[in-house]
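Trainee:
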Amino acid sequence: MRFSGYNRYHCSVFASLCLCFAVGAALTRADEADVNSASRKWLCSLTDICTSESELLPGVHYDPARFESQRDCRLSCGKYGAIWPMPTGKECTISNDRVRFDPWKVRFHVVAPGEAATQFLRETNRLFVSNLLKECTRNCTLESSKQILVRATVANETLILDWATDESYALVVRTTETATFVDIQAGTVYGARHAFETLTNLVAGSVSNGLLMVSAANITDRPVYPHRGVLLDTARNFVPLKFLRSTLDAMAASKMNVLHWHVVDTHSFPLEITRVPEMQRYGAYSTSQTYSRQDALNLVKYARLRGIRILIEIDGPSHAGNGWQWGPAAGLGNMSVCLNQSPWRRFCVQPPCGQLNPLNDHMYAVMKEIFEDVAELGAPEETLHMGGDEVFLPCWNNTDEIRNGMRERGYDLSEQSFLRLWSQFHQKNLNAWDEINERMFPDIKEPKPVIIWSSHLTNPKYIEAYLPKERFIIQTWVDSSDALNRELLTRGYRLIVSTKNAWYLDHGFWGSTSYYNWRTVYSSGLPVTRNKDQVLGGEVCMWSEYVDQNSLESRIWPRAGAAAERLWSDPKSSAFLAQRRFYRYRERLLARGIHADAVTPHWCVLHEGMCL
Amino acid sequence: MSLAVSLRRALLALLSGAIFILTVLYWNQGATKVQAYNEALERPHNHRDGSAFPIPVEKSWTYKCESDRCLRVSHHGKSGKRVSFISCSMTCGDINIWPHPTHKSQLSQHTHSFSVEDVQLQVDTSHREVRRQLQLAFDWFLKDLRQIQRLDYGGSASESAASESSSKLRRHVDSQSPAATLFGATFGVRQAGDLSSLQIKISVHKSGDINFSLDNDESYQLSSSTEGHRLLVEITANSYFGARHGLSTLQQLIWFDDEDRLLHTYANSKVKDAPKFRYRGLMLDTSRHYFSVESIKRTIVAMGLSKLNRFHWHLTDAQSFPYISRHYPELAEHGAYSESETYTEQDVREVAEFAKIYGVQVIPEIDAPAHAGNGWDWGPKRGLGELAMCINQQPWSFYCGEPPCGQLNPKNNHTYLILQRLYEELLQQTGPTDLFHLGGDEVNLDCWAQYFNDTDLRGLWCDFMLQAMARLKLANNGVAPKYVAVWSSALTNTKCLPHSQFAVQVWGGSTWQENYDLLDNGYNVIFSHVDAWYLDCGFGSWRATGDAACAPYRTWQNVYKHRPWERMRLDKKHRKQVLGGEACMWTEQVDENQLDNRLWPRSAALAERLWSDPSDDHDIDIVPPDVFRRISLFRNRLVELGIRAEALFPKYCAQNPGECI
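Chains as they are written, first to last, in numbering that gives the first Met the number 0: chain L, 0 to 611; chain V, 0 to 660.
1) Report all residues from its chain with a CB closer than 6 Å to the CB of Lys468 (chain L); omit the five preceding and five following residues, and keep chain order.
2) Going by DSSP, name the residue or residues bridged to Gly640 (chain L).
3) Between which two residues does the alpha helix (DSSP H) holding Ser247 (chain V) run?
4) Does the beta-carbon distance from His226 (chain L) to Ile495 (chain L) come in below 8 Å?
5) Whole angstroms are fine: how far does the CA of Asp547 (chain L) sit from the CA of Asp294 (chain L)?
6) Roughly how many whole angstroms lie between the Cα atoms of Val22 (chain L) and Pro63 (chain L)?
7) Let me make sure I understand the geometry here. Which of V:Leu135, V:Gln198, V:Arg149 and V:Leu594 has the alpha-carbon closest to that of Tyr239 (chain V)?
8) Only counting the same chain, and skipping five residues up and downstream in sequence, which positions put a Cβ closer than 7 Å to that of Arg71 (chain V)?
9) Give a yes or no on whether 8 Å exceeds the smallest Cβ distance from Ala329 (chain L) to chain V.
10) Would you kindly report the start and end of the unbroken beta strand (DSSP E) that includes Asp366 (chain V)?
11) Which chain V residues sit within Cβ distance under 7 Å of Val539 (chain L)?
12) Hey, would you say Ala603 (chain V) sits closer than 8 Å to Ser294 (chain V), going by beta carbons?
13) Measuring alpha carbon to alpha carbon, tell me which residue in L:Cys352, L:Ala169, L:Asn333 and L:Phe370 is nearest Gly404 (chain L).
14) Check each candidate in V:Ala489, V:Trp585 and V:Asp366 and name the one with the smallest Cα separation from Leu534 (chain V).
15) Using a beta-carbon distance below 8 Å, is Ala644 (chain V) in contact with chain L?
16) Could you tell me whether the stretch 344-360 of chain V touches the stretch 298-315 of chain V, using the rule of 3 or more Cβ pairs below 8 Å?
17) Can you check whether the C-beta of Lys494 (chain V) is within less than 8 Å of a C-beta belonging to chain L?
18) Looking at chain V, is there any beta carbon in it that lies within less than 8 Å of the beta carbon of Thr498 (chain L)?
19) State the start and end residues of the unbroken alpha helix (DSSP H) segment that holds Val373 (chain L).
20) Is Asp596 (chain L) close to chain V? Criterion is C-beta to C-beta, closer than 8 Å.
21) Closer than 9 Å between beta carbons: that is the criterion. Which residues of the stretch 284-308 of chain V meet it against chain L?
22) So that I know if they touch, is there some Cβ in chain V lying closer than 8 Å to that of Gln69 (chain L)?
23) Which residues, taken in chain order from the stretch 282-313 of chain L, show a beta carbon closer than 9 Å to some beta carbon of chain V?
24) Grouping DSSP H, G and I as helix and E and B as strand, with all else coil, what is Tyr336 (chain V)?
25) By Cβ distance, which residues of its chain are closer than 8 Å to Gly507 (chain L), with the 5 residues on each side in sequence left out?
26) Residues of the stretch 513-526 of chain L with a CB closer than 9 Å to any CB of chain V: list them in chain order, please.
27) What residues of chain V sit near Tyr545 (chain L), judged by a beta carbon separation below 8 Å?
28) So, with DSSP's three-state summary, where would you put Lys494 (chain V)?
29) With DSSP as the reference, label Leu24 (chain V) as helix, strand or coil.
30) Could you work out which residues of chain V lie near Thr599 (chain L), taking near to mean beta carbons separated by less than 8 Å?
31) With a threshold of 16 other CB atoms inside 10 Å of the CB of Lys58 (chain V), please say whether the residue is buried or exposed.
32) Are the Cβ atoms of Pro112 (chain L) and Glu156 (chain L) separated by less than 8 Å?
33) Buried or exposed for Arg608 (chain V), going by 16 or more other Cβ atoms inside 10 Å?
34) Return the CA-CA distance between Tyr515 (chain V) and Ile85 (chain V), expressed in angstroms with no decimal places.
35) Is Ser78 (chain V) closer than 8 Å to Asp256 (chain V) when the C-beta atoms are compared?
36) So for Glu591 (chain V), helix, strand or coil by DSSP?
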């Protein structure tokens, strides 16, 4: 009944290695002959639907090409085949012919200026092969595989990964009598790694041994937005490293390039700060639910090899508490206020409460040490997310220490005064960040902009008074109907967009929020503006109040992939036209070990066009 | 200055001494470990990919009990005895048994520690079958305990901790080092707690029945007492089923303490318990997506621990027919998604036998006449005529509720014969029963109208159900099961199905008139209200067009707060007609990758509603703090057993009971 036992069965019957080989070889040959004739029974319609010949739809025109399986058919059915996200260049042609090959026998030739870039590409090749192996449905080794020769040429030696990085690539596959040649041309190693990712999308497992690759293709591609991110909160619930890596794996498969690591919050402080070990000691849920310095460094490296930046957020002045409580004992005074106070509704928007004390200079000193650690973790060009959301003014206003401190400084207790205080918090931190960078990375001339959440402070009416647009990039998290994006754009601010009613992946499980399925995620466009550079891109947000490693993967994936296509391709076409590619994309995630959510009955995946 | 130097030297000497001792101990420990953990059977319900995360040790906190809740206190740099979260929780406030026992129960403050090796069973029953079944249940009980005791309570999640420089270690002297873990483990195994033995005596005298029935007496009593270094736990029940639940309760009276790395339990306890409802079900649809036997078993383990007692297996639907019938293998050949996505007869039998060990009855459903299509298309080829109509017909919205369409042919005798054989096989595999499910919902009359325009179509539907019932009777040795369940539908709103033979699983809205009508018409009912107990809701439409079938997501609080018999103000007579309730997991948007977290801990919320039916004098939306505390602990137990239950709230809230409400 089950195929996998087939070969083994023969071996045990004949109980002789020799015979086993002979039978194995015979079977392989039989398989190959099979593929070429009777078992090729899938067809692709002109409307981009793969159907088995026993179920052809009446009145639908089919291309004469025949394929051995649905997966095989999908490789080249429709303009973009199985490529996710869809390529954006002028060229995108994919042949209906296939070559059968053994992933172990792919040969690589890397042409890159500089040792670092060459090394990077070798790693890329290794990851590429390991991803190919995951596509294998049967035995992937072939005695007589067609030669696959991959040449990757990178023009620039830089390994800098930021919003200006050239991620474009061109990919050409052609097959001659003797071999299949894959030619990859890219500006940077990151473009090249995306090309390899696309190349895996041109490969599928076969019903017999080996893998199938399209025999010819010509693709040019570049992302529409340079910031394509996933926010992952590891403070509400801790996320083990293994699952951070699996998130990075899935992001890499989707050509996303920023992991916004919301590593700390009021609830816990799991990140090791070598300069201030108290943060983790007082803030982590447990000594094992932590990220050591080395863990973080390894993770940054792991991400980079997959074309992903890790952007660390140290949220403040709100969303900070546990981890900051050791001030009084150390003689540094209250660095945080309202900490874990109850009834929480008086002091914060979500329990536990906690907000930094903006009048305590020791707090700024500690913050600066945290920044130094963060600066050391990332690449020289990497910047910082300063948080800055949901400051609950009544917390400060209910704290005598702050009320008195403000009066001493000649402030009244009006909202405007509190906003000023709040903006000073960010300004002081920005100065600290600048100073650290000048010292640590003197080669980088321009001061780096930092990122901050939209809030009261980013109200268009007075944002310009508090947050200079040259230095602050605003990550907005408002509904799609909100005017904020437009108003900030007119004022010249750069934006990262996390549309709350489409890209908040935690919604639908608490309060009156609703779940956004992949179609909604996909359809959520980014704000349009004349100066395109102002919209850097967007992020889907995985807040972890109700998610830990047990459900993390299925909550994020495959929905984040829908956002990935929005950000990479910004398609004019609807989710409806993308669905079959999307289902295939989801299957690839599963093959790579990501427990992605199911989005439609299995029958509907197998019977395209029948569940409209 | 010199003092510091000599201090450092002394420390160094001490350290090297400690390393030597540890090395010696390590060898010893290796020997005992192999012996202790030698297991004959593999746990079948563990996740294959082993992605479970080691349960973290929380050395940085100690807990103290204040006004019935545990307060988290920093334990950094302190030398006194640390109280772990679990040990505090288990001895602070109300008892931590989920579902809550229905009679007054008492647990002593005093606790004992022991190792799983010290646990022994003594069965006191004159019924051979009961003895055998109890022995099996006990074996799995021990395996669960062993799993908890053996869990990799990860000392250092930081993967790099081992390779880190010594400077780091110095900074974290008070945090847990691998050596400390080893030390604890070694002594943990050596001094196997303060009990020399834990004897479990299970007495079942009254009934020797091990077949499921709604009349099973599921009550039990549990008491334990200490004599010297012996703890005696007595579980007394009238049937195997009651005793089985007693074992689930006992499992929840035992916890693993990460401080001394031993199992703990109470020195004295008294629990008296019986369920409020006898049908406490969970339905899984294995047709929209296939689920491996392994994942089904995992689900059953969690059901057993939460005392849910009916696994309603919605085996087939229009999408696929994964069951390989002995008499009609064509059904699966034509209807399964693939050869590997199937259940053999042996699989079903295995699941049923496994479920019985956990006190769970398997109730298979071959939905008919609607919700059947793929798999039924081979009739003409075999000369049996059309067994089903409208299979995969388009436009689907004319002929069925969701694609693909398909409805059995009510005028083909072969259709009934096949059903009869299927019933026969499934009854053989799942054992004698007084409850069976015939499906019977959402018939689309327009489908049939294409062929039988001249007939009274609703009458045809009714006749189909009566005929199916007749076939079930034949399949069941000429006896109709006392309760034959069908889904609520337009048909159950007429009185054509006699209420003396049919029970109705009500899946419509909880406020619909049909709820009252069905009870007035004399039907026994099982509630599965879509607005509370449909666990598949809230993930949007899975089709490109149209609205979501039901929204929003039913949170565990929604599941828990739903109490239709109260809201409907049922009188005594009508209340007796309520057999119980069932949560439904339809799987259009679920497959094996997220089954656990879609089901748990929400199904556990249902379990307490049906077992204990706690009264709620609280606000409609608010669940009492005690329930949060208990379900959080129960969720941890599920995770410990390898069931990937969803998080209830930020871990902060779990560590600080009551603070987030």
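Note that beta-carbon positions come from the ideal geometry of N, C-alpha and C, so glycine has one too.
Fair warning: this is a prediction, and the values are worked out from it, not measured in the lab.
Mentor: On the basis of the coordinates in this document:
1) Numbered from 1 along the first sequence, position 469 holds the residue referred to as residue 468 (chain L). Answer for Lys468 (chain L): Gly491 and Tyr492, listed in chain order.
2) Nothing can be reported for residue 640 (chain L), as the shown portion of chain L is limited to 0 through 611.
3) Position 248 of the second sequence holds residue 247 (chain V). It spans Tyr239 to Gln251 - the alpha helix (DSSP H) in which Ser247 (chain V) sits, taken as one unbroken run.
4) Taking the first sequence and counting its residues from 1, one reaches residue 226 (chain L) at position 227. Taking the first sequence and counting its residues from 1, one reaches residue 495 (chain L) at position 496. Closer than 8 Å, so yes.
5) Numbered from its first residue, the first sequence carries residue 294 (chain L) at position 295. Numbered from its first residue, the first sequence carries residue 547 (chain L) at position 548. Going by the C-alpha atoms only, they are around 19 Å apart.
6) Stepping through the first sequence from its first residue, residue 22 (chain L) is reached at position 23. Stepping through the first sequence from its first residue, residue 63 (chain L) is reached at position 64. For Val22 (chain L), the predicted model reports a pLDDT of 40, less than 50, meaning its position is unreliable; a value from the coordinates is still stated below. Distance between the alpha carbons of Val22 (chain L) and Pro63 (chain L): 34 Å.
7) Position 240 of the second sequence holds residue 239 (chain V). When only C-alpha atoms are compared, the closest one is V:Leu135.
8) Start at 1 with the first residue of the second sequence, and residue 71 (chain V) comes out as number 72. Within the same chain, Arg71 (chain V) has close Cβ partners Trp60, Tyr62, Gln654 and Asn655.
9) For the purposes of this step, residue 329 (chain L) is taken as residue 330 along the first sequence, with counting starting at 1. Ala329 (chain L) does not count as touching chain V.
10) As a first step, residue 366 (chain V) is located in the second sequence; it is residue number 367 there, counting from the start. From DSSP, the beta strand (DSSP E) with Asp366 (chain V) extends over Gln360 to Ala367.
11) Translated into positions along the first sequence, residue 539 (chain L) becomes position 540. The premise fails here: Val539 (chain L) is roughly 15 Å from chain V at the closest Cβ pair, so nothing lies under 7 Å.
12) For the purposes of this step, residue 603 (chain V) is taken as the residue at position 604 of the second sequence. For the purposes of this step, residue 294 (chain V) is taken as the residue at position 295 of the second sequence. No, the Cβ-Cβ distance between Ala603 (chain V) and Ser294 (chain V) is not below 8 Å.
13) In the first sequence, counting from the first residue as 1, residue 404 (chain L) sits at position 405. The shortest C-alpha separation from Gly404 (chain L) is found at L:Asn333.
14) If you number the second sequence from 1, residue 534 (chain V) lands on position 535. Of the candidates V:Ala489, V:Trp585 and V:Asp366, the one whose C-alpha sits nearest the C-alpha of Leu534 (chain V) is V:Trp585.
15) Residue mapping note: residue 644 (chain V) aligns to position 645 of the second sequence, counting from 1. So yes, Ala644 (chain V) belongs to the interface.
16) yes
17) Here residue 494 (chain V) refers to the residue found at position 495 when the second sequence is read from its first residue. No, its Cβ sits nowhere closer than 8 Å to a Cβ of chain L.
18) The residue labelled residue 498 (chain L) in the question sits at position 499 within the first sequence. No - not a single Cβ of chain V is within 8 Å of the one on Thr498 (chain L).
19) The sequence position of residue 373 (chain L) within the first sequence is 374, counting from 1. Segment Asp360 to Leu376, the alpha helix (DSSP H) holding Val373 (chain L).
20) Along the first sequence, one-based indexing puts residue 596 (chain L) at 597. Answer yes: the Cβ-Cβ gap between Asp596 (chain L) and chain V drops below 8 Å somewhere.
21) Ser286, Arg287, His288 and Tyr289
22) As a first step, residue 69 (chain L) must be located in the first sequence, where it is residue number 70. Output row for Gln69 (chain L): interface = no.
23) Ala283, Tyr284, Ser285, Thr286, Ser287, Gln288, Thr289, Tyr290, Ser291, Arg292, Gln293, Asp294, Leu296 and Asn297
24) Residue mapping note: residue 336 (chain V) aligns to position 337 of the second sequence, counting from 1. It is coil, neither helix nor strand.
25) By one-based count along the first sequence, residue 507 (chain L) stands at place 508. Cβ neighbours of Gly507 (chain L) beyond the five flanking positions: Ser513, Tyr514 and Tyr515.
26) Listed in sequence order: Ser513, Tyr514, Tyr515, Asn516, Trp517, Arg518 and Thr519.
27) Locating residue 545 (chain L) in the first sequence gives position 546, where the first residue counts as 1. Going along chain V in sequence order, the residues near Tyr545 (chain L) (Cβ under 8 Å) are Glu645, Ala646, Leu647 and Phe648.
28) One-based indexing of the second sequence puts residue 494 (chain V) at position 495. Coil.
29) Stepping through the second sequence from its first residue, residue 24 (chain V) is reached at position 25. Unreliable positioning characterises Leu24 (chain V) in this predicted model, as indicated by a pLDDT of 45, which lies under 50. The coordinate reading is nonetheless provided below. Leu24 (chain V): helix per DSSP, three-state reduction.
30) Within the first sequence, residue 599 (chain L) is the residue found at index 600, counting from 1. Within chain V, the residues near Thr599 (chain L) are Trp541, Arg542, Glu587 and Gln588.
31) If you number the second sequence from 1, residue 58 (chain V) lands on position 59. It counts as buried.
32) For the purposes of this step, residue 112 (chain L) is identified with residue 113 of the first sequence, where counting begins at 1. For the purposes of this step, residue 156 (chain L) is identified with residue 157 of the first sequence, where counting begins at 1. Yes; because the gap between Cβ atoms is below 8 Å, this pair is in contact.
33) The residue given as residue 608 (chain V) occupies position 609 in the second sequence. When all chains shown are included, Arg608 (chain V) counts as buried.
34) Within the second sequence, the letter at position 516 stands for residue 515 (chain V). Within the second sequence, the letter at position 86 stands for residue 85 (chain V). Roughly 45 Å separates the two Cα atoms.
35) Locating residue 256 (chain V) in the second sequence gives position 257, where the first residue counts as 1. Locating residue 78 (chain V) in the second sequence gives position 79, where the first residue counts as 1. Result no, Cβ atoms of Asp256 (chain V) and Ser78 (chain V) do not sit closer than 8 Å.
36) Here residue 591 (chain V) refers to the residue found at position 592 when the second sequence is read from its first residue. The answer is coil: DSSP assigns Glu591 (chain V) none of H, G, I, E or B.
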